[in-house]
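Working notes, beginning with the structure itself.
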């Protein structure tokens with residue numbers, strides 16, 4: 001599946017991070033493999049090695065920049081034909097408020113058993129709400145906070161800063177090793 005460049009936030013050799021192309025919820029991100037595989041077991045080892053750090057970096061960026069109440073990270077694989085990918089679903093306070101105000105979703109309460117209930121709602125119910133209302137509805141609810149385009153721009157900047165910090169940090173380490181004689185050769189800052 002081709003992802004329009006306007007949705008792409010960050011790319012590595014093995015992964016593409018983009019805003020969900022059909023969700024009206026700002027900050028709903030997808031991390032997808034460049035390798036067309038539907039199982040972690042079928043990915044190259046270098047893609048697997050990159051994955052953990054990317055999952056953490058995406059979560060950190062969403063938490064620090066967007067400040068959701070919760071963030072759900074999931075892998076479903078329900079629709080065939082797509083490479084393995086992970087959903088990052090931010091659940092803001094206002095999203096949960098919309099869920100509680102929508103009487104149609106009160107039907108979900110009839111499926112719970114009071115003695116087993118851990119809370120009034122859970123991730124499955126809120127994910128269903130987000131998918132139906134922000135992804136499939138022809139008229140999604142109004143959102144609060146930054147727009148999708150603002151979120152994309154902000155997160156792009158965040159990942160660019162992180163990339164530069166990592167490169168600069170590695171360069172400092174290499175220069176220090178070179179001074180100690182651990183690494184030989186000319187180390188350039190360009």
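Residue numbers (full-length UniProt numbering): 1 to 190.
Backbone N, C-alpha and C fix where the C-beta goes; we use that ideal spot for every residue, glycine too.
This structure is a prediction, so every number in the text was calculated from the model and none was measured.
Practice task
Would you tell me roughly how many angstroms separate the C-alpha atoms of residue 45 and residue 35, rounded to the nearest one?
Solution key: Locating residue 45 in the chain shown gives position 45, where the first residue counts as 1. Locating residue 35 in the chain shown gives position 35, where the first residue counts as 1. Put simply, the backbone Cα of residue 45 is about 11 Å away from that of residue 35.
Problem - Inter-stretch contact at 8 Å, needing at least 3 Cβ pairs: the region 97–109 / the region 78–87 - result: They do not touch, by the three-pair rule.
Exercise for the section: For residue 70, collect the residues of the same chain with a Cβ closer than 7 Å to its Cβ; drop the 5 residues on either side in sequence, then sort them by chain order. Expected result: In the chain shown, residue 70 corresponds to position 70, counting from 1. For residue 70, where only same-chain residues beyond five positions count, the Cβ hits under 7 Å are 91.
Practice task
Quick one: using the 10 Å Cβ neighbour count with 16 as the cut-off for buried, is residue 18 buried or exposed?
Solution key: Counting from one through the chain shown, the residue named residue 18 turns up at place 18. Around the CB of residue 18, 16 or more other CB atoms lie within 10 Å, so the residue is classed as buried.
Practice task
Within the region 80–112, note down every full beta strand (DSSP E) run reaching 3 residues or more, in order along the chain.
Solution key: As summarised for the region 80–112, the continuous beta strand (DSSP E) elements at least 3 residues long and confined to that stretch are 85–91, given in chain order.
Exercise for the section: Report back the beta-carbon spacing between residue 62 and residue 88 to the nearest angstrom; my notes put them in contact at under 8 Å. Expected result: For the purposes of this step, residue 62 is taken as residue 62 along the chain shown, with counting starting at 1. For the purposes of this step, residue 88 is taken as residue 88 along the chain shown, with counting starting at 1. Taking C-beta atoms under 8 Å as the contact rule, residue 62 and residue 88 qualify, at a distance of about 6 Å.
Exercise for the section: Would you mind giving the Cβ-Cβ distance between residue 4 and residue 140, rounded to the nearest angstrom? I have them listed as a contact below 8 Å. Expected result: In the chain shown, the residue the question calls residue 4 occupies position 4. In the chain shown, the residue the question calls residue 140 occupies position 140. Not a contact, Cβ separation roughly 19 Å.
Practice task
Return the chain-ordered list of same chain residues with a C-beta closer than 6 Å to the C-beta of residue 188, the five sequence neighbours on each side being excluded.
Solution key: Locating residue 188 in the chain shown gives position 188, counting from the first residue. With a pLDDT of 45 at residue 188, under the threshold of 50, the modelled position of that residue is not reliable, and the figure given next carries that caveat. Here the set comprises nothing.
Problem - Chain-order list of residues whose beta-carbon lies under 6 Å from that of residue 20 (same chain, five-residue window excluded) - result: Along the chain shown, one-based indexing puts residue 20 at 20. Setting aside the 5 residues that flank it on each side, residue 20 is surrounded in the same chain by 28, 30, each with a C-beta closer than 6 Å to its C-beta; the list follows chain order.
Practice task
Please indicate yes or no: does the CB of residue 83 lie closer than 7 Å to some heavy atom of the ligand COA?
Solution key: This structure lacks the ligand COA; in fact it carries no ligand of any kind.
Practice task
Jot down the residue ranges of each uninterrupted beta strand (DSSP E) in the region 2–50, minimum 3 residues, whole runs only, in chain order.
Solution key: Entirely contained in the region 2–50, the beta strand (DSSP E) runs reaching 3 residues are, in chain order, 8–11, 15–19, 29–33.
Handout entry: Proximal residues to residue 94 (C-beta, below 7 Å), its chain only, five neighbours per side dropped
Key = Here residue 94 is taken as the residue at index 94 of the chain shown, counted from 1. Apart from the 5 residues on each side of it in sequence, residue 94 sits with its Cβ closer than 7 Å to the Cβ of 144 in its chain, given in chain order.
Handout entry: Simplified DSSP state of residue 137, which is helix, strand or coil
Key = Here residue 137 is taken as the residue at index 137 of the chain shown, counted from 1. Correct three-state label for residue 137: coil.
Exercise for the section: Note down, in chain order, each residue of its chain lying with its Cβ closer than 8 Å to the Cβ of residue 48, except the 5 sequence neighbours on either side. Expected result: Within the chain shown, residue 48 is the residue found at index 48, counting from 1. Counting only Cβ-Cβ distances below 8 Å, and skipping sequence neighbours, we find 40.
Exercise for the section: Report yes if the C-beta distance between residue 159 and residue 9 is below 8 Å; otherwise report no. Expected result: As a working mapping, residue 159 is identified with position 159 in the chain shown. As a working mapping, residue 9 is identified with position 9 in the chain shown. In contact: residue 159 and residue 9 (Cβ atoms closer than 8 Å).
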